[in-house]
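Visitor: Quick one: this structure, given as structure tokens, is what I'll be asking you about.
Residue numbers (our numbering): 31 to 465.
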């Protein structure tokens with residue numbers, strides 16, 4: 031746990047979700063409030079008060095009506111609240127006016143998620159992406175109503191007018207930083223492309239785990255790869271992509287990739303900043319959508335994930351051959367719910383009920399992965415001299431042996447193999463394609 035996390039753990043906060051009449055949101059107001067509370071707890075805030083506020087309209091200057099703000103002022107005084115989280119996007123003016131009225135720090139949904147991402151990023155790329163998102167957000171906060179931005183610097187020439195205002199200077203500094211970070215991220219992107227190119231030459235198929243935040247991706251990743259990735263019951267427990275090589279039942283090796291969790295109304299700054307991270311999903315051979323079946327909003331969470339995938343360019347991924355769904359956390363379901371899930375899964379080949387806690391369904395998942403990755407393999411026959419045990423061992427490791435015919439001085443092996451390994455094999459022994 032980072033030092034900053036332990037410092038913040040005693041800071042009292044309240045979370046407000048404004049439910050605006052007529053505005054369509056993906057989750058129910060109750061689910062959104064619960065999610066916002068969990069987001070606040072993910073950066074170790076002590077949420078002592080949470081409320082859904084129904085609004086007919088937004089007040090341009092201060093967002094909420096005076097009646098609610100007076101009530102909130104009282105709650106802040108009674109409970110010693112130091113931070114107010116408003117689970118929506120606030121304009122810079124609204125944020126400033128709320129802070130003046132309530133006399134405490136106020137942040138909106140975007141700032142809250144950025145704060146979490148700042149806590150979780152561990153790699154150079156992750157830190158760069160978070161910094162870029164922070165700067166893009168901060169740039170939009172530069173408004174003339176902020177008193178320290180109204181100062182001016184003296185002009186240095188006769189035609190320069192009164193000189194550069196502080197707001198202009200701040201904006202230029204931020205713009206320069208944004209340009210520098212984008213250049214650094216381009217270098218990271220090129221490095222990733224080289225790494226992907228190297229993997230294709232090996233080659234290992236890439237299987238990417240995606241899903242709503244806290245769906246259990248990292249726990250499944252740990253179970254399948256025996257890795258020790260940070261997996262906790264927190265939103266956005268994983269930010270930086272993690273990869274491990276694992277072996278399937280057939281002996282075939284693959285790269286399993288754990289990715290950042292998605293969320294409803296993900297701030298635009300973060301979608302753009304984390305595109306490089308999510309490019310691993312775009313190049314994956316199979317996309318595995320991990321869903322939390324124990325969450326009452328799992329259906330809407332699925333739609334939020336698909337919306338982000340569509341935004342990245344994966345149109346109608348759910349209807350494609352390289353898409354699987356893991357219906358996770360079956361250990362938290364009642365017996366009736368579990369039976370329903372298992373019966374439904376039998377009717378759809380792309381659905382596998384799983385539990386990262388008990389391991390239930392994980393072997394079935396690996397078996398289905400094996401089958402999917404082998405669908406386009408070519409059936410061949412290979413004639414191997416009886417004394418050549420090394421070649422037979424290689425076939426066992428790199429192909430799916432169907433049958434072996436033993437003859438006096440050779441073995442005739444019938445096996446399914448992918449194109450890359452077939453090319454390697456054909457340079458050493460004689461093979462025959464079987465239609």
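Beta carbons are placed, not taken as given, at the ideal position from N, Cα and C, and that holds for glycine.
1. Who pairs with residue 432 in a beta bridge, going by DSSP?
2. If I follow the unbroken alpha helix (DSSP H) through residue 315, where does it start and stop?
3. Could you tell me which residues DSSP pairs with residue 241 in its beta bridges?
4. Thinking just about the alpha-carbon of each residue, which of 217, 106, 74, 215 is nearest to the one in residue 150?
5. Comparing alpha-carbon positions, which option in 158, 137, 147, 360 lies nearest residue 323?
6. Ordered along the chain, which non-local residues of its own chain (more than five positions away) have a Cβ less than 6 angstroms from that of residue 427?
7. Let me make sure I understand the geometry here. Which of 277, 275, 314, 256 has the alpha-carbon closest to that of residue 240?
8. Please state whether the Cβ-Cβ distance between residue 222 and residue 310 is less than 9 angstroms.
9. Closest by CA to residue 439, which one among 432, 433, 419, 452?
10. How far does the beta strand (DSSP E) with residue 51 in it extend, from its first residue to its last?
11. Considering residue 133, what are the terminal residues of the beta strand (DSSP E) in which it resides?
12. Once you ignore the five residues that flank residue 386 on each side, which residues in its own chain have a CB closer than 6 angstroms to its CB?
13. So residue 290 is in the beta strand (DSSP E); what residue range does that whole segment cover?
14. Can you name the start and end residues of the alpha helix (DSSP H) that residue 141 belongs to?
15. Could you check if residue 100 is buried or exposed, using at least 16 other CB atoms within 10 Å of its CB as the buried criterion?
16. Which whole-angstrom value describes the C-beta separation of residue 128 and residue 136, a residue pair presumed to lie in contact below a C-beta threshold of 8 angstroms?
17. Check whether the region 396 to 409 touches the region 277 to 294, taking contact to mean three or more Cβ pairs, one atom from each stretch, closer than 8 angstroms.
18. Ignore the nearest five residues each way along the sequence and tell me which others in residue 269's own chain have a CB closer than 7 angstroms to its CB.
19. Specify the secondary structure class of residue 34 as computed by DSSP and reduced to three states.
20. How about residue 158: is its Cβ closer than 8 angstroms to a heavy atom in the ligand ATP?
21. Hey, residue 133 and residue 92 are a contact pair by Cβ (cut 8 angstroms); roughly how many whole angstroms apart?
22. What does the alpha-carbon distance come out to for the pair residue 473 and residue 216?
23. Return the bridge partner residues of residue 408 from the DSSP annotation.
24. Would you kindly work out how many angstroms separate the C-alpha atoms of residue 200 and residue 237, rounded to a whole number?
25. Is there contact between the region 107 to 125 and the region 45 to 55, where contact requires at least three CB pairs shorter than 8 angstroms?
26. Pull the bridge partners of residue 10 from the DSSP assignment, please.
27. Output the boundary residues of the beta strand (DSSP E) element that contains residue 88.
28. Which runs of the beta strand (DSSP E) at least 3 residues long sit entirely within the region 334 to 380? Give them in chain order.
29. Can you give me the Cβ contacts of residue 463 inside the same chain, cut-off strictly under 7 angstroms, excluding the 5 residues immediately before and after it?
30. Short check: CB of residue 211 to CB of residue 161, under 9 angstroms?
31. Does any CB atom of chain D fall closer than 9 angstroms to the CB of residue 356?
32. Sorted by chain position, which residues of the same chain lie with C-beta nearer than 6 angstroms to residue 330's C-beta, five sequence neighbours on each side aside?
33. Just how far apart, CA to CA, sit residue 98 and residue 86?
34. For the alpha helix (DSSP H) that residue 62 lies in, which residues bound it at each end?
35. Using the C-alpha atoms, what's the distance from residue 52 back to residue 30?
36. Can you give the Cα-Cα distance for residue 109 and residue 54, rounded to whole angstroms?
Guide: This is what the structure gives:
1. Counting from one through the chain shown, the residue named residue 432 turns up at place 402. DSSP output for residue 432 lists no bridge partner at all.
2. The residue you call residue 315 lines up with position 285 of the chain shown. Premise fails: residue 315 is in no alpha helix (DSSP H) and is neither H nor E.
3. Taking the chain shown and counting its residues from 1, the one referred to as residue 241 is at position 211. Its beta-bridge partners are 320.
4. Residue 150 sits at position 120 when you count from the first residue of the chain shown. Residue 74 is the option with its Cα nearest to residue 150.
5. Position 293 of the chain shown holds residue 323. If we check each option's Cα against that of residue 323, 360 comes out closest.
6. In the chain shown, the residue the question calls residue 427 occupies position 397. Around residue 427: 281.
7. Locating residue 240 in the chain shown gives position 210, where the first residue counts as 1. When only C-alpha atoms are compared, the closest one is 314.
8. Taking the chain shown and counting its residues from 1, the one referred to as residue 222 is at position 192. Taking the chain shown and counting its residues from 1, the one referred to as residue 310 is at position 280. Yes, these two residues count as a Cβ contact at 9 angstroms.
9. The residue you call residue 439 lines up with position 409 of the chain shown. Of the candidates 432, 433, 419, 452, the one whose C-alpha sits nearest the C-alpha of residue 439 is 419.
10. Against the chain shown, residue 51 aligns to sequence position 21. Taken as a continuous stretch (DSSP letters only), residue 51 belongs to no beta strand (DSSP E), as it is neither H nor E.
11. Here residue 133 refers to the residue found at position 103 of the chain shown. Neither: residue 133 is in no beta strand (DSSP E) and is coded neither H nor E.
12. The residue you call residue 386 lines up with position 356 of the chain shown. Within the same chain, residue 386 has close Cβ partners 246, 249, 250, 253.
13. The count along the chain shown starts at 1 and reaches residue 290 at position 260. Note, residue 290: premise wrong, no beta strand (DSSP E); not H, not E.
14. Counted from its first residue, the chain shown places residue 141 at position 111. First-last of the alpha helix (DSSP H) with residue 141: 139 to 150.
15. Translated into the one-based positions of the chain shown, residue 100 becomes position 70. Exposed is the call here.
16. By one-based count along the chain shown, residue 128 stands at place 98. By one-based count along the chain shown, residue 136 stands at place 106. That pair is a contact at about 4 angstroms.
17. yes
18. Working through the chain shown from its first residue, we reach residue 269 at position 239. The pLDDT assigned to residue 269 is 47, lower than 50, so where the model puts this residue is not dependable, and the model offers no usable value.
19. Your numbering for residue 34 matches position 4 in the chain shown. Because residue 34 sits at a pLDDT of 40, beneath the cut-off of 50, its placement in the model cannot be relied upon, and the following sentence gives the value as read from the coordinates. In this structure, residue 34 counts as helix in the three-state DSSP scheme.
20. Among the components of this structure there are no ligands whatsoever, and the ligand ATP is therefore not found.
21. What you label residue 133 is simply residue 103 of the chain shown in a count that begins at 1. What you label residue 92 is simply residue 62 of the chain shown in a count that begins at 1. The Cβ separation is near 14 angstroms, so there is no contact.
22. For the chain, the structure presents residues 31 to 465; residue 473 sits outside this window and is missing.
23. Against the chain shown, residue 408 aligns to sequence position 378. In DSSP, residue 408 forms a bridge with 447.
24. The residue given as residue 200 occupies position 170 in the chain shown. The residue given as residue 237 occupies position 207 in the chain shown. Roughly 43 angstroms between the two C-alpha positions.
25. These segments touch.
26. This structure does not reach residue 10, given that the chain is present from 31 up to 465, and the question cannot be answered.
27. Here the question's residue 88 lines up with position 58 in the chain shown. Premise fails: residue 88 is in no beta strand (DSSP E) and is neither H nor E.
28. 353 to 358
29. Numbered from its first residue, the chain shown carries residue 463 at position 433. Taken in chain order, the residues that qualify are 408, 410.
30. Here residue 211 corresponds to residue number 181 of the chain shown, with the count starting at 1. Here residue 161 corresponds to residue number 131 of the chain shown, with the count starting at 1. Going by C-beta atoms, residue 211 is nearer than 9 angstroms to residue 161.
31. Within the model displayed, chain D is absent; a lone protein chain is all it includes.
32. Along the chain shown, read from residue 1 onward, the residue named residue 330 stands at position 300. Here the set comprises 56, 57.
33. Locating residue 98 in the chain shown gives position 68, where the first residue counts as 1. Locating residue 86 in the chain shown gives position 56, where the first residue counts as 1. In a straight line, the C-alpha of residue 98 is about 13 angstroms away from that of residue 86.
34. Counted from its first residue, the chain shown places residue 62 at position 32. Start and end: 59 to 71.
35. This structure gives no information on residue 30, because the portion of the chain shown stretches from 31 to 465.
36. Residue numbering aside, residue 109 sits at position 79 when the chain shown is read from its first letter. Residue numbering aside, residue 54 sits at position 24 when the chain shown is read from its first letter. If I take the Cα positions, the gap works out to 32 angstroms.
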